[in-house]
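By the count of our numbering, the sequence shown reaches residue 57 at its end, each step adding exactly one. Cβ coordinates follow ideal geometry from the N, Cα and C atoms, glycine included.
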Amino acid sequence: MKEIEVIIDTEEIAEFFFHELVKRGYVPTEEELEEMADITFEYLIEKCIIDEEEDID
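1) For A37, tell me which candidate among E11, V6, M1 and K2 has the shortest Cα-Cα distance.
2) Assign I7 to one of two classes, buried (16 or more other C-beta atoms within 10 Å of its C-beta) or exposed (fewer than that).
3) Grouping DSSP H, G and I as helix and E and B as strand, with all else coil, what is E31?
4) Give the single residue among L21, L44, E46 and E3 whose Cα lies nearest to the Cα of L33.
5) For K47, which three-state DSSP category applies?
Here is the structure:
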């Protein structure tokens, strides 16, 4: 199986959730969006879909 590099941005996840929830009639707070994005990121790690790497700058 070929390995590819994917970059997951929790801010992008939060924005996606915001737009999708608003379309469904929900108005989440910024704090709720950040929590959902963090949970989604943790889920992807737990399911071994992604690996968390330290950002070396």
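Checking against the coordinates, here is how it stands:
1) It is E11.
2) Result: exposed.
3) E31: helix per DSSP, three-state reduction.
4) Closest in alpha carbon position to L33, among L21, L44, E46 and E3, is L21.
5) It is coil, neither helix nor strand.
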